[in-house]
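The structure appears right after this line, and notes come after that.
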Amino acid sequence: MRSMTVEMSPEVDDALNMIACARGISKGEAMLRAFALLKVAYDEKQKGDGSSLGLVRRLPDNRLQAVGVVTGI
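For the sequence shown, this note's numbering begins at 47 and goes up steadily by one.
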């Protein structure tokens, strides 16, 4: 497996620590999941058909309601 060194602001590092702790995973695993999410967003954007990464809310009847679009990725 390849490795890399990443410099990040204290705010980003604190957020990463908080997320990793809340999920019961390592910081490295949290970063891998973040990169996987970035790849999903990138792949959807590359389709060129208007697809994008979005946020949905599951309604009580199990339907999904769009509540936001992730931009800037």
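Beta carbons are placed, not taken as given, at the ideal position from N, Cα and C, and that holds for glycine.
In the DSSP assignment, what residue or residues form a beta bridge with residue i?
{"i": "G70", "result": "Per DSSP, none; premise fails for G70."}
{"i": "A112", "result": "V102"}
Measuring straight from C-alpha to C-alpha, what distance separates residue i and residue j?
{"i": "Q111", "j": "L99", "result": "14 Å"}
{"i": "C67", "j": "G118", "result": "26 Å"}
{"i": "A61", "j": "D107", "result": "33 Å"}
Buried or exposed: where does residue i fall if 16 or more other Cβ atoms within 10 Å of its Cβ makes it buried?
{"i": "A76", "result": "buried"}
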